[in-house]
Structures are given as C-alpha cells and as structure tokens.
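Working notes, beginning with the structure itself.
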Amino acid sequence: MQVTTTNLEDVKLIETAVFGDHRGFFTESYTKDKFIAAGIRHDFIQDNHSLSAEAGVIRGMHYQLGPKAQTKLVRCVTGAIYDVLVDMRKGSPTYGKWEGYILSAYNHRQLLVPKGFAHGFCTLTPDVNVLYKVDELYSPEHDRGIAYDDPAVAIDWPMTKVILSEKDRHHPTLQEAENNFVWGEI
Ligand SMILES: Cc1cn([C@H]2C[C@H](O)[C@@H](COP(=O)(O)OP(=O)(O)O[C@H]3O[C@@H](C)C(=O)[C@@H](O)[C@H]3O)O2)c(=O)[nH]c1=O
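Sequential numbering from 191 applies to the sequence shown in the numbering used here.
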C-alpha cells in the first residue's frame, strides 16, 4: 500500500496493492490494520455510493459542520473523476487553496479528505460510480456547501458545460460561508 502526501496538510492519496490476472484484478480497497499502520486511523461508520450518468456532472463543494464534520475516503470504481478539495480550516497555511486529483477505475487511487475541507468532483466519463467511506453520519442540518465556481477559490474544472443538482446551484462563496466555520460546535 502506497500513501502519498500532498501540498495540503493531512490530505493523502492512497494506492492499495492491485493483483491483476487473466480474469481482471483483486485489491483490498480498505483494510483497517494496514491503514492504521500507514498512519490513517479513522472510525469509518458509513459507506456511500453515487452514480453519475454523464460526463460533466459536478457534485460539490460539500462539507458538514462540526461536530458532524466528516473525514472521507473516496474512490472511483467505474469511469473517472477529477476529485477536488478546498481547505476551509481557518489558520491553515493553505486556507482557501484547492487541489484536484484524477481518481479512476484504472488508477485505483483513493483520496483521504480530512475534516475541515470542502469536497466535490467532476465526472470525466459517463457512468461514474464513486464509493466513499465517512467517519460521521450524514446530518442534513449540518450539511453545507460552497460554490463550485467561487471566483476567489478559482477551481480549474476540466469541463465548461456542467450538470449540477438544484442544491449545488445555490451555495455561498467561501467568504460568505465564513460565518458557518464552526467545526467544533453548532
Ligand atoms: C450525502 C447523503 C445524502 N443523502 C440523501 C440526501 C438527498 O436526498 C440525496 C442526494 O444527496 P446529495 O445531493 O447531497 O448528494 P451528493 O451531491 O452526491 O452529495 C455528496 O457529494 C460528495 C461530493 C460528497 O463529498 C458527499 O459528502 C456528499 O455531500 O441523498 C443521504 O441520505 N445520506 C447521505 O450521506
């Protein structure tokens, strides 16, 4: 298992060993002990699965307020996504900065999204299945988002024509959302 650190503190890319043969492949996508040995210790309690039918779907940029903030372990099992996170941790040297990584059914990469980050992705192909673990339950009252196209954050999305949910059309900018930066209380 290979763990790669990134420019954003605590954000990690994970590649588990993939055993290919004439049938296809096998991988242990999550093994608690191996993740702990690699310094990734989270109590994942919910598995999520989304299907996006078309290329150009953007889901994001989402987070939950504390104490319901979630760590997410994201992977893409069919097609490919450009997976993006924005550092919303006040006081962080990379506050307001974004990074994006391609996760695909072919590269088997997983992205560890820590608490304090807004997260979203853009599908690069049709028929994209994304699976992710979270360490806190879904809480609609704590569910928040920032605009995927906030000019101050300036995420360089790979698609110009995008498909959004109604909810994702109406998120505030990072600056506007600042009053909601209460990771420890609500
Ligand atoms: C996220 C979530 C949604 N839902 C419901 C609420 C709603 O009726 C329906 C669709 O929800 P959404 O539109 O929020 O789904 P989606 O836009 O796919 O939201 C997800 O986006 C990615 C980028 C993330 O990072 C996730 O944490 C999550 O926010 O599913 C749950 O029941 N449990 C959950 O954990």
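Note that beta-carbon positions come from the ideal geometry of N, C-alpha and C, so glycine has one too.
Quiz item: Would you say I336 and T363 are within 9 Å of each other, going by their C-beta atoms?
Solution: Less than 9 Å divides the Cβ of I336 from the Cβ of T363.
Quiz item: Where does H252 sit, in a helix, a strand or coil, going by DSSP?
Solution: Strand, per DSSP.
Quiz item: Is V276 near ligand 1, with its Cβ less than 8 Å from a heavy atom?
Solution: No, the Cβ of V276 stays beyond 8 Å of every heavy atom of ligand 1.
Exercise. Just the C-alpha distance for I345 and F209, rounded to the nearest angstrom, thanks.
Key: So the two alpha carbons sit approximately 35 Å from each other.
Quiz item: Looking at Y322 and ligand 1, is the gap between the Cβ and the nearest heavy atom below 8 Å?
Solution: Y322 Cβ: within cutoff of ligand 1.
Quiz item: Okay, do the stretch 199-214 and the stretch 297-304 touch, 3+ Cβ pairs below 8 Å being the bar?
Solution: Under the 8 Å Cβ criterion, the stretch 199-214 counts as touching the stretch 297-304, having at least three qualifying pairs.
Quiz item: According to the neighbour-count rule (16 or more other Cβ atoms, all chains shown, within 10 Å of its Cβ), is I230 buried or exposed?
Solution: Around the CB of I230, 16 or more other CB atoms lie within 10 Å, so the residue is classed as buried.
Quiz item: How about H252 and D325: do their beta carbons lie closer than 9 Å?
Solution: Not in contact: H252 and D325 (Cβ atoms no closer than 9 Å).
Quiz item: Is the beta carbon of F216 sitting closer than 9 Å to the one on L263?
Solution: Their beta carbons are not under 9 Å apart, which means F216 does not touch L263 by this criterion.
Quiz item: Is the CB-CB distance between A228 and M191 below 9 Å?
Solution: If you check the CB distance, A228 and M191 come in under 9 Å.
Quiz item: When every heavy atom of ligand 1 is checked, does at least one fall within less than 8 Å of the C-beta of Q192?
Solution: When distances are taken from the beta-carbon of Q192 to the heavy atoms of ligand 1, even the shortest one reaches 8 Å or more.
Quiz item: Nearest CA to the CA of A243: which residue from T315, F311 and G310?
Solution: That would be T315, whose Cα lies nearest to the Cα of A243.
Practice problem: Throw me the rounded Cβ distance for the L321 and V267 pair, which I believe falls under 8 Å. | Solution: At roughly 6 Å, the Cβ-Cβ gap stays under 8 Å, so L321 and V267 are in contact.
Quiz item: Between P348 and P304, what straight-line distance do the alpha-carbon atoms span, to the nearest angstrom?
Solution: Spanning the two alpha carbons is a distance of roughly 23 Å.
Self-check item: Element boundaries [alpha helix (DSSP H), containing L364]
Solution: L364 to A367 is the span of the alpha helix (DSSP H), which, as asked, contains L364.
Quiz prompt | Proximity test, Y285 beta-carbon vs ligand 1 heavy atom, cut-off 8 Å | solution = Because no heavy atom of ligand 1 lies under 8 Å away, the Cβ of Y285 does not count as near it: no.
Exercise. State yes or no: is the C-beta of K258 within less than 9 Å of the C-beta of L327?
Key: For K258 and L327, yes; Cβs fall inside 9 Å.
Self-check item: Backbone CA spacing between L241 and H309 [nearest angstrom]
Solution: For L241 and H309, the distance between alpha carbons rounds to 16 Å.
Quiz item: From L198 to T284, what distance separates their C-alpha atoms?
Solution: Computed Cα separation, rounded: 7 Å.
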